[in-house]
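Here's the structure we're looking at; comments come further down.
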Amino acid sequence: MAKATLSPDLITRFAAITGEAYALTEDRDIAPYLIESRGLYHGTSPLVLRPGSVEEVSAILALATETRTAIVPQGGNTGHVGGSVPREDATDVVLSLSRLNRIRDVDPVGNVIVADGGAVLADIQKAAENVDRLFPLSLGSEGSCQIGGNLSTNAGGTAVLAYGNMRQLCLGLEVVLPTGEVWNGLRRLKKDNTGYDLRDLFIGAEGTLGIITGAVLKLLPRPLGHEVAFAGLKSVADALTLFERASSRCGPALTGFELMPRLGVDFTTRHIPGVRDPLATRHDWYVLIEISTSDDAQTATRMMEALLSEGIEAGLVENAVIASSEEQRRALWHMRESMSPAQKPEGGSIKHDVSVPVSAIPAFMAEADAAVMAAIPGARICSFGHMGDGNIHYNISQPVGADKQAFLDRWREINHLVHGIVLRYNGSISAEHGIGQLKRDELADVREPIEMDLMRRVKRSFDPAGIMNPGKVVNA
Numbered sequence: 001m002a003k004a005t006l007s008p009d010l011i012t013r014f015a016a017i018t019g020e021a022y023a024l025t026e027d028r029d030i031a032p033y034l035i036e037s038r039g040l041y042h043g044t045s046p047l048v049l050r051p052g053s054v055e056e057v058s059a060i061l062a063l064a065t066e067t068r069t070a071i072v073p074q075g076g077n078t079g080h081v082g083g084s085v086p087r088e089d090a091t092d093v094v095l096s097l098s099r100l101n102r103i104r105d106v107d108p109v110g111n112v113i114v115a116d117g118g119a120v121l122a123d124i125q126k127a128a129e130n131v132d133r134l135f136p137l138s139l140g141s142e143g144s145c146q147i148g149g150n151l152s153t154n155a156g157g158t159a160v161l162a163y164g165n166m167r168q169l170c171l172g173l174e175v176v177l178p179t180g181e182v183w184n185g186l187r188r189l190k191k192d193n194t195g196y197d198l199r200d201l202f203i204g205a206e207g208t209l210g211i212i213t214g215a216v217l218k219l220l221p222r223p224l225g226h227e228v229a230f231a232g233l234k235s236v237a238d239a240l241t242l243f244e245r246a247s248s249r250c251g252p253a254l255t256g257f258e259l260m261p262r263l264g265v266d267f268t269t270r271h272i273p274g275v276r277d278p279l280a281t282r283h284d285w286y287v288l289i290e291i292s293t294s295d296d297a298q299t300a301t302r303m304m305e306a307l308l309s310e311g312i313e314a315g316l317v318e319n320a321v322i323a324s325s326e327e328q329r330r331a332l333w334h335m336r337e338s339m340s341p342a343q344k345p346e347g348g349s350i351k352h353d354v355s356v357p358v359s360a361i362p363a364f365m366a367e368a369d370a371a372v373m374a375a376i377p378g379a380r381i382c383s384f385g386h387m388g389d390g391n392i393h394y395n396i397s398q399p400v401g402a403d404k405q406a407f408l409d410r411w412r413e414i415n416h417l418v419h420g421i422v423l424r425y426n427g428s429i430s431a432e433h434g435i436g437q438l439k440r441d442e443l444a445d446v447r448e449p450i451e452m453d454l455m456r457r458v459k460r461s462f463d464p465a466g467i468m469n470p471g472k473v474v475n476a
């Protein structure tokens with residue numbers, strides 16, 4: 001791949017803003033910023049900038065607008081749709097937020113935390129824990145993903161059922177606009193009806209409208225009671241019925257309800273060190289249930305035991321185990337969070353991040369399974385996800401012994417097949433991973449023309465020079 005180039009003079013002007021130590025130009029230094037975690041997208045860039053302040057971000061974007069230089073904001077680079085890496089054969093400059101990683105303030109009375117856009121999610125969770133509070137966003141990549149990226153993709157994770165996604169967990173933002181102007185919207189108010197909510201424009205925009213450099217995030221009281229169980233079932237339909245009962249019995253105390261297939265358990269126990277099958281018997285489907293209560297531990301225990309007993313009596317639950325320690329709770333969640341990387345050693349995997357109405361999950365999965373197996377006999381379908389909010393990671397591993405590249409070459413064909421079924425159930429082709437490059441062209445096929453036109457108008461209004469993460473989400 002040819003090396004992308006910018007004029008030496010322009011590189012010098014950008015480097016003068018951050019200092020030469022934080023302006024990377026050597027191939028070996030730039031390489032980690034050019035490829036995404038799945039390896040689907042590998043871009044080119046002549047320069048990676050690592051600013052250390054909001055003022056430096058502002059100066060970089062002002063110069064980029066002046067010179068029409070494309071900027072790709074990058075957080076922890078843990079995305080899955082090509083939104084955080086530069087384009088191929090382009091001169092996009094990567095702007096890494098890794099040095100803007102401070103926790104600015106923690107307010108346990110107001111239940112908020114203020115952090116830089118480059119703050120790592122796990123550090124925010126820890127800062128909340130230190131004042132006996134909870135920041136509930138939980139992701140498999142929480143040790144490296146950054147809060148600005150979480151906001152830019154409106155990340156969801158495993159706790160959306162109870163706490164909502166990032167849009168619901170954010171009160172205010174600080175954003176550097178493409179012109180270099182800084183919007184200080186770091187408001188801590190839960191009620192503020194003063195005009196358009198600009199915050200919501202930047203959340204989920206994937207860095208195409210500006211760069212999130214700071215955020216006010218909601219904190220919650222830490223649960224006093226916490227139980228996690230792992231149950232084996234016969235079918236997805238039984239899992240849905242059990243979810244209905246769990247919702248009715250537990251209400252807001254139901255903080256997790258994850259669906260997993262036997263194949264996913266096989267993959268994780270085979271390839272992820274330390275993972276063991278929690279049950280002595282094999283089952284076609286499993287659910288991981290989490291209950292969190294604010295009064296005492298006994299309440300959560302009673303709820304979980306009653307739910308599982310009711311499920312067994314109704315013939316929904318074939319076998320179950322309740323974690324007896326925090327270590328066991330972490331082990332059960334680790335199995336769930338490892339399900340996607342556990343597919344990698346099995347060869348090629350075609351992945352879908354989709355959502356359908358919760359009540360439609362069994363019908364959607366049955367129809368999609370039949371269509372995929374007809375298209376690729378022997379395909380191994382590993383569909384799992386957040387059953388409580390309708391988000392299914394409908395992943396397909398290659399048939400045993402198949403040619404990996406030939407299988408992956410059918411990615412868009414199979415995406416189109418599965419997404420067509422999703423849309424028939426009034427679902428979404430992107431539940432929590434975003435659009436990026438992967439689904440940009442398909443977006444126009446699933447949104448009304450007026451919606452696409454409005455998105456393009458917003459893009460042109462905020463970024464008339466077209467410098468912000470070009471080629472992602474929409475083409476203005």
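Going by UniProt numbering, the sequence shown opens with residue 1, and the numbers climb by one from there. Note that beta-carbon positions come from the ideal geometry of N, C-alpha and C, so glycine has one too. Everything numeric in this text was worked out from a predicted model, so none of it was measured.
Based on DSSP bridge pairs, tell me the residues matched to residue i.
| i | result |
| --- | --- |
| W285 | L233 and P261 |
| F384 | H393 |
| I60 | DSSP, once it has assigned bridges, lists no residue as partnering I60. |
| I272 | BP columns for I272 are empty, so no partner. |
| R133 | P221 |
| I350 | I396 |
| A320 | A231 |
| M468 | I71 |
| V109 | None, per the DSSP bridge assignment. |
| L24 | V48 |
| A406 | BP columns for A406 are empty, so no partner. |
In or out: residue i buried (at least 16 other Cβ within 10 Å) or exposed?
| i | result |
| --- | --- |
| K190 | exposed |
| I124 | buried |
| S355 | buried |
| G315 | exposed |
| T5 | exposed |
| Q74 | buried |
| V317 | buried |
| Q168 | exposed |
| E36 | buried |
| N150 | buried |
| G251 | exposed |
| F142 | Note that residue 142 is Glu in the sequence shown, not Phe. Buried, by the Cβ-count rule. |
| R336 | buried |
| S461 | exposed |
| P221 | exposed |
Assuming residue i and residue j make a contact with CB atoms under 8 Å, what is their CB distance in whole Å?
| i | j | result |
| --- | --- | --- |
| A231 | Y286 | 7 Å |
| S294 | P223 | 6 Å |
| P345 | G390 | Contact flag wrong, Cβ pair sits at about 29 Å. |
| V275 | T269 | 5 Å |
| A115 | G214 | 7 Å |
| I212 | G117 | 5 Å |
| A306 | R249 | 7 Å |
| M166 | A159 | Not really, about 11 Å apart at Cβ, beyond 8 Å. |
| R188 | V112 | 5 Å |
| H271 | A342 | 5 Å |
| residue 550 | L61 | The structure shown does not extend to residue 550, since the chain is modelled only from 1 to 476, so the question has no answer here. |
| G157 | S138 | 5 Å |
| M304 | A229 | 6 Å |
Less than 8 Å separating the beta-carbons of residue i and residue j?
| i | j | result |
| --- | --- | --- |
| S7 | R50 | no |
| G172 | V216 | yes |
| E174 | V57 | no |
| A128 | L121 | no |
| Q437 | V81 | yes |
| F257 | M365 | no |
| H433 | G140 | no |
Taking only the alpha-carbon atoms, compute the straight-line gap between residue i and residue j and give it to the nearest angstrom.
| i | j | result |
| --- | --- | --- |
| N193 | D9 | 47 Å |
| C170 | A406 | 43 Å |
| P86 | I71 | 8 Å |
| G378 | A370 | 12 Å |
| L259 | V93 | 40 Å |
| A476 | T67 | 19 Å |
| M1 | R330 | Reliability fails at M1, whose pLDDT of 47 lies under 50, so the model's placement of it is uncertain and the value that follows must be treated cautiously. Roughly 43 Å between the two C-alpha positions. |
| H352 | S96 | 27 Å |
| D409 | D403 | 10 Å |
| L100 | A205 | 20 Å |
| G241 | E290 | Contrary to the premise, residue 241 reads as Thr rather than Gly in this sequence. The straight-line gap from Cα to Cα measures roughly 16 Å. |
| L443 | V473 | 8 Å |
| residue 480 | C382 | Residue 480 cannot be examined here, being either before or after the span of the chain that is shown, 1 to 476. |
| R457 | I450 | 10 Å |
| D200 | Y394 | 28 Å |
| V265 | W411 | 24 Å |
| P21 | S324 | According to the sequence as given, residue 21 is Ala; it is not Pro. Cα-Cα distance, rounded: 50 Å. |
Kindly say whether residue i, judged by its beta-carbon, lies nearer than 8 Å to any beta-carbon of chain D.
| i | result |
| --- | --- |
| N415 | Judged by its chain identifiers, the structure shown contains no chain D, having just a single protein chain. |
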